[in-house]
Amino acid sequence: MNEVMMDPTRLIISAIIGLIILLVLIIRYKVQAMIAILIGAVAIGLMAGMPYSEIVGSVNQGIGETLKGIALLVGLGSMFGAILEASGGAQTLAVTMVRKFGDQKAAWALGITGLVIAMPVFFDAGLIILIPLAFSLAKRTKRSTLYYAIPLLAGLAVGHAYIPPTPGPVLVATMLNVELGWVILIGLCCGIVSMIVAGPIWGSIAGKKFHIPVPEHVANQPDIDESKLPSFWTIVGIVLIPLVLIILNSVAKVVPAMSGAQPILAFLGEPFVALTIAVVFAMIILGYGHGYTKKELERVMTKSLEPTGLILLVTASGGVLRYILQNSGLGNVIGDAVASASLPIVVVAFVVAALVRISVGSATVAMTMAAGIISAMPEVSSLSPIYLACTTAAIAGGSTVCSHFNDSGFWLVKSLVGMDEPTTLKTWTVMETLVGVTGFLVALVISMFA
0 MNEVMMDPTR
10 LIISAIIGLI
20 ILLVLIIRYK
30 VQAMIAILIG
40 AVAIGLMAGM
50 PYSEIVGSVN
60 QGIGETLKGI
70 ALLVGLGSMF
80 GAILEASGGA
90 QTLAVTMVRK
100 FGDQKAAWAL
110 GITGLVIAMP
120 VFFDAGLIIL
130 IPLAFSLAKR
140 TKRSTLYYAI
150 PLLAGLAVGH
160 AYIPPTPGPV
170 LVATMLNVEL
180 GWVILIGLCC
190 GIVSMIVAGP
200 IWGSIAGKKF
210 HIPVPEHVAN
220 QPDIDESKLP
230 SFWTIVGIVL
240 IPLVLIILNS
250 VAKVVPAMSG
260 AQPILAFLGE
270 PFVALTIAVV
280 FAMIILGYGH
290 GYTKKELERV
300 MTKSLEPTGL
310 ILLVTASGGV
320 LRYILQNSGL
330 GNVIGDAVAS
340 ASLPIVVVAF
350 VVAALVRISV
360 GSATVAMTMA
370 AGIISAMPEV
380 SSLSPIYLAC
390 TTAAIAGGST
400 VCSHFNDSGF
410 WLVKSLVGMD
420 EPTTLKTWTV
430 METLVGVTGF
440 LVALVISMFA
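First residue of the sequence shown? That's 0 in numbering that gives the first Met the number 0, and the numbers climb one at a time after it.
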């Protein structure tokens with residue numbers, strides 16, 4: 000679809016007004032994000048003077064092009080995570096890691112576990128499953144709950160933001176047209192550093208500064224029965240299946256010695272193939288192998304798809320925003336402005352995502368809008384895969400910072416850990432900001448050599 004040539008000033012004004020409409024609808028009138036983004040995108044097209052047929056075409060193009068790259072992955076990832084959750088696999092990783100590290104270094108174990116678990120399991124589910132272990136450790140060591148809860152939260156936040164197959168980075172990678180293998184590698188680099196800074200380090204500081212006792216309603220709960228959990232190495236092996244296959248596919252394309260195996264690795268490393276293989280292994284080993292009947296397992300997997308509808312629709316609306324901006328010609332205007340200001344695209348990506356995150360509260364909306372704006376810039380197509388992966392990580396970082404009252408995660412953590420609002424701001428909000436800023440800085444440094 001050809002871009003419409005229009006007056007740059009009119010395009011900029013149209014975009015600003017459209018984005019203001021979008022934010023006001025979400026913040027002031029609590030309009031569902033999908034509807035708000037769609038209205039904002041169409042408003043930009045109308046004010047920019049795009050022909051009606053061009054607006055309709057951009058809407059259809061945005062929905063089709065975006066969903067074809069992400070729909071299967073979000074569905075498969077949800078089912079994979081649901082099986083891992085239902086089988087006790089998440090608890091297996093946590094309990095085994097804590098036992099290996101010992102009580103004194105358990106904060107590190109919880110951070111690593113959270114990072115791994117949040118890749119296939121949604122943040123909220125992972126937190127609810129694993130927070131009892133943090134409470135158990137705090138009760139046993141007589142330390143503040145934050146000493147263990149913050150590292151767990153940091154790991155979950157990192158895995159949720161930076162590393163596929165969690166939906167956020169998959170969405171951004173799809174819109175920026177970058178291979179998931181590079182996104183995983185860069186995401187791991189950013190995520191590990193972020194987890195260390197925001198997890199064990201900040202957790203130790205917060206745990207000494209704020210003494211939060213174990214909530215009364217869980218203080219007397221029995222410890223986890225390890226005899227009913229699947230084995231540690233089984234869980235590790237299944238979790239690594241999609242990551243290893245996707246990474247091998249990307250590496251084989253640039254390593255001559257692997258050229259002979261490249262065709263088969265390209266097939267196995269195709270994200271939907273890799274995730275399908277992982278889901279089948281999880282079904283057989285963690286589902287049927289742990290006593291689930293076919294009907295029970297089918298019910299678990301079907302229920303896991305319920306939240307994916309919202310994710311896909313918001314994502315599709317972000318694709319509409321992207322193509323409205325691109326086809327109106329605003330992408331060229333933004334690109335020229337960035338070039339004249341000498342700002343790296345990685346920095347612009349982080350700032351845009353952070354501003355939306357602070358305004359709206361939703362990480363998904365922040366990622367969607369930032370990816371839509373950045374992907375509309377023409378020069379993005381000429382960037383290297385590693386630079387695009389760094390840009391993906393920057394958007395993930397920006398969409399994580401400054402969680403506060405407009406973020407559902409803020410209230411979930413406050414309620415589960417048993418803190419008041421000021422303490423939650425001083426601990427959880429700071430942790431989220433450390434996760435976002437640290438990951439962005441790592442991505443910025445890597446991008447300088449890309």
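Cβ atoms here follow ideal geometry from the backbone N, Cα and C, with glycine treated the same way.
Cα-Cα separation between residue i and residue j, rounded to whole angstroms
{"i": "Ala352", "j": "Ala393", "result": "8 Å"}
{"i": "Arg9", "j": "Met46", "result": "8 Å"}
{"i": "Phe231", "j": "Phe280", "result": "15 Å"}
{"i": "Ser258", "j": "Ala277", "result": "24 Å"}
{"i": "Ala362", "j": "Cys188", "result": "20 Å"}
{"i": "Ile333", "j": "Ser52", "result": "24 Å"}
{"i": "Ile43", "j": "Met174", "result": "19 Å"}
{"i": "Thr455", "j": "Ala148", "result": "Only positions 0 to 449 of the chain appear in the structure, and residue 455 is not among them; the question remains open."}
{"i": "Val253", "j": "Ile116", "result": "30 Å"}
{"i": "Glu64", "j": "Leu152", "result": "34 Å"}
{"i": "Val416", "j": "Leu21", "result": "33 Å"}
{"i": "Met447", "j": "Tyr386", "result": "8 Å"}
{"i": "Asn326", "j": "Val345", "result": "23 Å"}
{"i": "Leu109", "j": "Ala124", "result": "15 Å"}
{"i": "Ala106", "j": "Trp201", "result": "11 Å"}
{"i": "Phe121", "j": "Ala32", "result": "19 Å"}
{"i": "Asn405", "j": "Val359", "result": "7 Å"}
{"i": "Ala35", "j": "Ser383", "result": "33 Å"}
{"i": "Val192", "j": "Val169", "result": "21 Å"}
{"i": "Ala449", "j": "Leu443", "result": "10 Å"}
{"i": "Val313", "j": "Ala172", "result": "15 Å"}
{"i": "Asp102", "j": "Pro199", "result": "13 Å"}
{"i": "Leu132", "j": "Glu84", "result": "15 Å"}
{"i": "Phe409", "j": "Phe439", "result": "21 Å"}
{"i": "Ile240", "j": "Gly80", "result": "13 Å"}
{"i": "Pro150", "j": "Pro270", "result": "29 Å"}
{"i": "Ala388", "j": "Gly87", "result": "32 Å"}
{"i": "Leu242", "j": "Ala273", "result": "8 Å"}
{"i": "Val441", "j": "Tyr291", "result": "43 Å"}
{"i": "Tyr146", "j": "Leu304", "result": "34 Å"}
{"i": "Val364", "j": "Leu136", "result": "35 Å"}
{"i": "Thr140", "j": "Val213", "result": "11 Å"}
{"i": "Met366", "j": "Val250", "result": "26 Å"}
Presumed contact (8 Å Cβ cut-off) between residue i and residue j, rounded CB distance
{"i": "Val196", "j": "Thr437", "result": "5 Å"}
{"i": "Thr390", "j": "Ala340", "result": "About 16 Å separates the two Cβ atoms, so there is no contact after all."}
{"i": "Ser143", "j": "Phe100", "result": "No, Ser143 and Phe100 are not in contact; Cβ-Cβ is about 19 Å, not under 8 Å."}
{"i": "Met463", "j": "Val355", "result": "Because the chain in this structure spans residues 0 to 449, residue 463 falls outside the shown range and cannot be described."}
{"i": "Ile246", "j": "Ile183", "result": "6 Å"}
{"i": "Gln90", "j": "Ile128", "result": "6 Å"}
{"i": "Leu114", "j": "Gly190", "result": "6 Å"}
{"i": "Ile211", "j": "Met418", "result": "6 Å"}
{"i": "Ile62", "j": "Gly318", "result": "6 Å"}
Residue interval of the alpha helix (DSSP H) (run including residue i)
{"i": "Phe404", "result": "Note, Phe404: premise wrong, no alpha helix (DSSP H); not H, not E."}
{"i": "Leu320", "result": "Thr307 to Ser327"}
{"i": "Ala294", "result": "It is worth fixing the name first, because residue 294 is Lys in this sequence and not Ala. Where Lys294 is concerned, the enclosing alpha helix (DSSP H) stretches over Lys293 to Ser303."}
{"i": "Phe280", "result": "Pro270 to Ala281"}
{"i": "Pro421", "result": "Glu420 to Thr423"}
{"i": "Ala14", "result": "Pro7 to Ile26"}
{"i": "Val444", "result": "Val429 to Ser446"}
{"i": "Gln261", "result": "Gln261 to Leu267"}
{"i": "Ala449", "result": "That residue, Ala449, is in no alpha helix (DSSP H); it is neither H nor E in DSSP."}
{"i": "Pro168", "result": "Pro166 to Leu175"}
{"i": "Pro384", "result": "Pro384 to Gly397"}
{"i": "Gly288", "result": "Careful: Gly288 lies outside any alpha helix (DSSP H) and carries neither H nor E."}
{"i": "Ile38", "result": "Ala32 to Ala47"}
Residue i at chain D interface by Cβ criterion, 8 Å
{"i": "Leu285", "result": "Among the protein chains of the structure shown there is no chain D, as only one such chain exists."}
| query | Taking the runs of the alpha helix (DSSP H) that are 4 residues or longer, which of them lie wholly in the region 348-381? | reply | Listed in chain order, they are 362-374.
| Just checking, does the region 390-407 make contact with the region 421-441 on the three C-beta pairs under 8 Å criterion? | yes
| task | Evaluate contact between the region 47-55 and the region 265-277, counting only Cβ atoms and requiring at least three cross-stretch pairs below 8 Å. | result | no
| field | Contact between the region 156-164 and the region 174-183 (3+ Cβ pairs under 8 Å) | value | yes
| query | Can you give, in chain order, each stretch of the alpha helix (DSSP H) that sits fully within the region 185-257 and has at least 4 residues? | reply | You should have 201-208, 215-218 and 231-251.
| field | Every unbroken alpha helix (DSSP H) within the region 85-155, with a cutoff of 4 residues, ordered by chain | value | Unbroken alpha helix (DSSP H) runs of no fewer than 4 residues, entirely contained in the region 85-155, are found at 88-100, 105-116 and 122-140, following chain order.
| request: Could you tell me whether the region 293-300 touches the region 13-31, using the rule of 3 or more Cβ pairs below 8 Å? | output: no
| said: When you compare the region 367-378 with the region 410-429, are there three or more beta-carbon pairs, one atom per stretch, that lie closer than 8 Å? | reply: No, the region 367-378 is not in contact with the region 410-429.
| field | Three or more C-beta pairs below 8 Å linking the region 315-328 and the region 73-80 | value | no
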